[in-house]
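Read in my numbering, the sequence shown has 592 at position 163, and its numbers run on one by one without any break. Where is the CB? At the ideal position from N, CA and C, for every residue including glycine. Taking it in order: structure first as structure tokens, then the write-up.
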Amino acid sequence: MSINNKQWLGLPLNLLWGYIAIAVFMTGDGFELAFLSHYIKALGFSPAEASFAFTLYGLAAALSAWISGVVAEIITPLKTMMIGFVLWCVFHVLFLVFGLGHANYALILLFYGIRGFAYPLFLYSFIVAIVHNVKSDNASSAIGWFWAVYSIGIGVFGSYIPSFTIPHIGEMGTLWLALAFCLTGGVIALVSLRHIQTPQHMQNLTTREKFSELGRAATLLYTNRNILLSSMVRIINTLSLFGFAVIMPMMFVDELGFSTSEWLRYGQSSSSPPFSLTCCGGILGEKLGWMKVVRWFGCIGMALSSPGVLLHSSALWP
Numbered sequence: 430m431s432i433n434n435k436q437w438l439g440l441p442l443n444l445l446w447g448y449i450a451i452a453v454f455m456t457g458d459g460f461e462l463a464f465l466s467h468y469i470k471a472l473g474f475s476p477a478e479a480s481f482a483f484t485l486y487g488l489a490a491a492l493s494a495w496i497s498g499v500v501a502e503i504i505t506p507l508k509t510m511m512i513g514f515v516l517w518c519v520f521h522v523l524f525l526v527f528g529l530g531h532a533n534y535a536l537i538l539l540f541y542g543i544r545g546f547a548y549p550l551f552l553y554s555f556i557v558a559i560v561h562n563v564k565s566d567n568a569s570s571a572i573g574w575f576w577a578v579y580s581i582g583i584g585v586f587g588s589y590i591p592s593f594t595i596p597h598i599g600e601m602g603t604l605w606l607a608l609a610f611c612l613t614g615g616v617i618a619l620v621s622l623r624h625i626q627t628p629q630h631m632q633n634l635t636t637r638e639k640f641s642e643l644g645r646a647a648t649l650l651y652t653n654r655n656i657l658l659s660s661m662v663r664i665i666n667t668l669s670l671f672g673f674a675v676i677m678p679m680m681f682v683d684e685l686g687f688s689t690s691e692w693l694r695y696g697q698s699s700s701s702p703p704f705s706l707t708c709c710g711g712i713l714g715e716k717l718g719w720m721k722v723v724r725w726f727g728c729i730g731m732a733l734s735s736p737g738v739l740l741h742s743s744a745l746w747p
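In structure tokens, the structure reads:
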């Protein structure tokens, strides 16, 4: 697969199946996002214990996301995606069978945490593939499409499908169905991305040099002020996004009296607009500049919309 200019509204057609793979994989990964905290609580654990499981998951995902780009550069994006894919599937099964299946809190934390480490290896390695297989002039639009398919997977389909499956096969059945989606997405990626261009400059490094590169990833926040500030913005903006996913299921189901399916459809409706906006985000970034898009849409837009969600939720109180 070679770098080319074939695109559709900024979507690079040479990586089309890779984007589809991300959407399918993140659909499966996102199944539990809007109901797992409530389900863990229903197993007899406290809201604090349910929230801590997500905290540990987030820390593991953050560590993995931190190193995923460097690992993809060292061993190629496809190999990194394969590692993340296999780890996700294995530890998802262990999480369901021995964690949730036995209501064992220690194993829930262990297996869910390791599974949290797995998905960024699959997800963010694809960004490295984009960088090396898309013309630099189209990179912003291509990254915008990446976040678009990520959003439609984890936010739209990831919430909408469980709203129909939970009444019929329950929460555990839905979590097993998630495995089928992630298996499908992983296979699509591994088959369709076999011939992509891969970075070669780190292929011949010694083991010591490879660990040195990983060390640079760990110190990048201290050596590059712009990366540090960008990371802080990302962390602050994401707190409300994923914080809602933890507390809102318990609030809607336990306090507002919604069924799990009703809450999931509400969550899906609030996740649909980001899909259309992220499609345009990369294109707007190329036209207006990334700083303006991040400042006005990402920061101020998030600040204004977060209280709006709470006010709308309060209006639904019986």
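Judged by beta-carbon spacing, Gly-447 lies beyond the 9 angstroms limit of Leu-485, meaning their Cβ atoms are not closer than that value. When secondary structure is reduced to three states using DSSP, Leu-440 falls in the strand class.
The Cβ atoms of Phe-520 and Tyr-541 lie closer than 9 angstroms to each other. Runs of the alpha helix (DSSP H) lying entirely within the region 497–553 and spanning at least 4 residues, in chain order: 506–523. For Glu-502, the number of other beta carbons within 10 angstroms of its own is at least 16, and it is reported as buried. Taking the Cα of Phe-454 as reference, the smallest distance to any Cα among Gly-584, Arg-724, Met-680, Arg-645 is reached at Gly-584.
A straight line joining the alpha-carbon of Arg-654 with that of Met-661 spans about 11 angstroms.
Here the alpha carbons of Gly-439 and Leu-488 stand approximately 33 angstroms from one another. If you ignore the 5 residues before and after Gly-513, its C-beta comes within less than 6 angstroms of the C-beta of Ala-547, Leu-550, Phe-551, all in its own chain and listed in chain order.
Between Ala-609 and Gly-457, the C-beta spacing is below 9 angstroms. The same chain holds no residue with a CB closer than 8 angstroms to that of Gly-599 once the five nearest residues on each side in sequence are set aside. Burial state of Glu-684 is exposed, judged by a 10 Å Cβ sphere holding fewer than 16 other Cβ atoms. Here Arg-724 has no same chain residue with a Cβ atom under 6 angstroms from its own Cβ, once five neighbours each way along the sequence are excluded. With a cutoff of 9 angstroms on beta-carbon distance, Met-510 and Gly-615 are scored as near each other. A straight line joining the alpha-carbon of Trp-574 with that of Leu-604 spans about 27 angstroms.
Taking 9 angstroms as the cut-off, the Cβ atoms of Thr-613 and Ala-558 do not count as close.
The C-beta distance from Ile-543 to Leu-516 rounds to 7 angstroms, short enough to fall under 8 angstroms.
When the beta-carbon positions are compared, Ser-497 and Ser-554 come within less than 9 angstroms of each other. Nearest to Asp-566 by C-alpha distance, out of Ala-618, Gln-436, Leu-507, Met-677, is Gln-436.
In the DSSP annotation of this structure, the continuous segment of the alpha helix (DSSP H) that includes Glu-600 starts and ends at 587–621. Scanning Asn-562, Ile-729, Pro-476 for the CA closest to the CA of Leu-444 turns up Asn-562. Per DSSP, Ser-688 lies in no alpha helix (DSSP H) segment and is marked neither H nor E. Straight across, the Cα-Cα distance linking Leu-462 with Arg-637 is about 39 angstroms.
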